[in-house]
Amino acid sequence: MRVLVTGATGYIGGRLVPRLLEAGHQVRCLVRDPDKLDEDPWRELVYVVPGDVMDPETVQKALEGCDAAYYLVHSMGGVGHFAQRDRIGAENFRDASERAGTKRIVYLGGMGSGDGLSEHLSSRHEVGRVLAGGSTPVTELRAAVIIGSGSVSFEMLRYLTEVLPVMVTPSWVRTRCQPIAIRDVLGILVDVLDDHTNEDHIYEIGGPDVLEYEQMMRIYAEEAALPRRLIIPVPVLSPRLSSHWVGLVTPIPSGVAKPLVDSLRNEVVVQDDSFLDHYPRELIPYRRAVRLAIDVSSELRVPTRWSDAAGSPAQPIVSDPDWSGGTFFRDQRIVSTHASPSDVFWAFSRIGGTNGYYGFDWAWQLRGVIDSLVGGVGLRRGRRHPEELRKGEALDFWRVAAVEPAHRLLLHAEMRLPGDAWLEFRTEKEDNSTTLVQTAYFRPRGLMGRLYWTVLVPFHAVIFRSMAQRLAAAAEARPT
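Just add 26 to the spot in the sequence shown (first one is 1) and you have the numbering used here.
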């Protein structure tokens with residue numbers, strides 16, 4: 027079949043595409059930034075349409091000639107009200123599918139039933155209803171917590187359990203949940219393409235275990251060989267307070283954590299298991315799913331993470347024309363070294379995560395804590411891999427804006443700032459040496475932005491000078 031995948035740069039979409047290719051399907055991807063797919067091993071096997079579900083014209087172009095389409099878009103964590111954006115995107119997709127004659131839409135939503143659903147789960151259900159409101163048959167899969175390396179649910183669970191040996195937690199730790207392994211989710215997404223009927227279907231999918239979140243944390247601690255965790259539920263933590271707590275302890279910013287935490291009060295257990303009657307399969311137990319996720323993370327084989335999908339695609343970058351960004355402040359450091367360009371690139375492409383920032387790590391960590399306290403992403407997102415980078419992925423509180431092997435790395439700051447910031451590293455080859463050009467750019471927003479940069483100038487002078495010098499030294503000392 028010819029299949030369209032939206033959200034191919036996201037957590038689910040990036041893992042689904044190779045599964046579809048393995049099954050013999052022709053895959054087309056609708057993505058906002060095609061360059062983000064350049065490092066994926068399957069990039070040359072798919073047709074890419076630049077665009078966004080918010081733009082009806084590009085959606086129409088992407089769907090033309092497709093037999094089926096996956097709707098894997100979610101706006102949570104972006105700019106503005108996520109439920110409204112999700113509704114508009116679903117309406118555009120539904121209408122374009124009708125005009126294109128698409129035979130089926132497959133949508134991955136969220137589980138939950140009854141009154142009192144959180145805004146997050148209500149929005150997930152509304153998207154399903156909007157998609158099913160057209161003439162194109164829709165298969166809606168409703169999943170609870172997805173357990174896999176890099177998933178937002180697994181990362182939240184992992185960090186809460188690893189960081190806090192004693193947890194004073196909200197009462198939602200006693201809510202029942204039916205987690206499902208990412209491997210099962212991907213297999214099910216591929217299987218449902220075999221439905222050639224003209225009917226809409228809603229299937230609830232969950233693993234074989236029904237657990238409370240407290241039990242899930244304890245099992246994770248056992249599989250990760252951690253000491254037994256003491257969990258003390260209290261009823262006084264509101265979703266807002268809980269989201270700030272989660273934002274401080276985990277790599278998930280409070281803007282994303284709040285709707286997620288608010289959803290944890292809703293029991294998400296399969297009420298109708300008819301899916302297995304149509305598509306029988308042996309589902310992975312929770313404990314094994316946790317072990318698989320831990321193994322993949324420890325072996326540095328994480329193909330996608332929840333943070334890969336950026337929420338604000340319209341930010342100008344420093345290579346844009348001057349008129350697109352306005353005033354820029356700049357701190358530039360230039361160091362000459364006898365190391366090769368590839369060795370210098372190796373040095374600066376290792377920045378962040380457990381590798382640190384080549385000096386003054388305490389200052390970067392303090393900046394990360396401050397960012398978490400004010401609702402930012404902090405440093406806890408870390409890196410997908412200690413040395414490899416690809417465009418569009420998250421790196422601590424940065425987003426990789428550009429990667430040119432052996433030549434250039436551009437990072438865009440996603441911390442809370444009164445402006446926009448970038449950190450760029452470049453190599454320039456001389457006759458018998460290499461020049462490292464390290465540049466911090468800042469585009470201020472109003473008076474506060476200008477004051478912010480002015481106050482930090484003395485600190486930049488020390489931190490950035492030391493960073494450039496140590497990067498060059500690390501390149502020269504690179505082990506062969």
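Glycine included, every Cβ here is placed at the ideal spot set by N, Cα and C.
All of these numbers come straight from a predicted model, not from anything done at the bench.
Alpha-carbon to alpha-carbon, residue j and residue i
i, j, result
"Leu435", "Gly135", "36 Å"
"Asp357", "Met243", "45 Å"
"Met193", "Thr187", "8 Å"
"Phe374", "Leu143", "46 Å"
"Gly40", "Leu63", "9 Å"
"Asp210", "Pro306", "11 Å"
"Leu42", "Thr32", "11 Å"
"Glu145", "Asp321", "34 Å"
"Ile245", "Leu421", "28 Å"
"Arg58", "Glu152", "23 Å"
"Leu290", "Met137", "11 Å"
"Met474", "Leu482", "12 Å"
"Gln464", "Arg317", "41 Å"
"His100", "Pro82", "17 Å"
"Arg476", "Val400", "20 Å"
"Ala25", "Arg69", "With the chain represented from 27 up to 506, any question about residue 25 goes unanswered, as that position is not in the structure."
"Tyr73", "Pro234", "37 Å"
"His538", "Pro67", "Residue 538 lies beyond the range of the chain shown here (27 to 506); nothing can be said about it."
"Arg313", "Glu456", "55 Å"
"Val429", "Pro367", "14 Å"
"Trp372", "Asp226", "51 Å"
"Gly394", "Phe485", "16 Å"
"Gly404", "Thr195", "21 Å"
Cβ shell of residue i (< 6 Å), same chain only, five flanking positions each side left out
i, result
"Val171", "Ser179, Cys203 and Pro205"
"Val295", "Arg202, Gln204 and Val236"
"Glu65", "Arg416"
"Gly408", "Gly379"
"Val216", "Arg45 and Ala49"
"Asn224", "Pro163"
"Tyr478", "Pro444"
"Phe451", "Phe374, Leu435 and Gln464"
"Tyr96", "Val31 and Val132"
"Gly232", "Ala170, Gln204, Ile206 and Val296"
"Ile228", "Glu166"
Nearest-angstrom beta carbon gap, residue j and residue i [assumed within contact, 8 Å]
i, j, result
"Asn13", "Pro412", "No answer is possible for residue 13: the residues shown for the chain start at 27 and end at 506."
"Ile38", "Leu89", "In fact, because the Cβ distance is near 19 Å, the residues do not count as touching under 8 Å."
"Thr84", "Leu56", "7 Å"
"Ile214", "Leu167", "6 Å"
"Phe301", "Glu230", "7 Å"
"Gln86", "Ala109", "That pair is no contact at about 24 Å."
"Leu462", "Leu449", "Wrong, their Cβ atoms sit about 13 Å apart, outside the cutoff."
Residue-level contact to chain B via CB, residue i, 8 Å cutoff
i, result
"Val426", "In summary, chain B is missing from the structure at hand, where a single protein chain is found."
Within 8 Å, strictly: CB atoms of residue i and residue j
i, j, result
"Ser197", "Pro253", "no"
"Val29", "Val53", "yes"
"Phe355", "Asp397", "no"
"Val199", "Ile257", "yes"
"Ala207", "Ile310", "yes"
"Ala389", "Ile173", "no"
"Arg442", "Gly402", "yes"
"Phe551", "Leu157", "No answer is possible for residue 551: it lies beyond the span of the chain, which begins at 27 and ends at 506."
"Arg406", "Tyr185", "yes"
"Tyr11", "Gly115", "Outside the displayed span of the chain (27 to 506) sits residue 11, for which this structure offers no information."
"Ser149", "Asp112", "yes"
"Thr453", "His433", "yes"
"Ala466", "Thr363", "no"
"Asp445", "Arg469", "Residue 445 is actually Gly in this sequence, not Asp. Against a cut-off of 8 Å, the Cβ pair of Arg469 and Gly445 comes out as a contact."
"Ala315", "Ala498", "no"
"Asp369", "Arg471", "no"
"Thr165", "Val79", "no"
Contacting residues, own chain, Cβ-Cβ under 8 Å from residue i (five flanking each side not counted)
i, result
"Arg491", "Arg359"
"Val488", "Phe386"
"Lys129", "Asp93, Ala94, Thr162, Pro163 and His222"
"Glu124", "Gly160, Ser161 and Thr162"
"Thr506", "none"
"Asp299", "Glu230"
"Leu71", "Leu47 and Val53"
"Leu212", "Ile38, Arg41, Leu42 and Arg45"
Own chain partners of residue i with C-beta closer than 7 Å, once the 5 adjacent residues on each side are dropped
i, result
"Gln495", "Val361"
"Tyr383", "Ile377, Trp390 and Met493"
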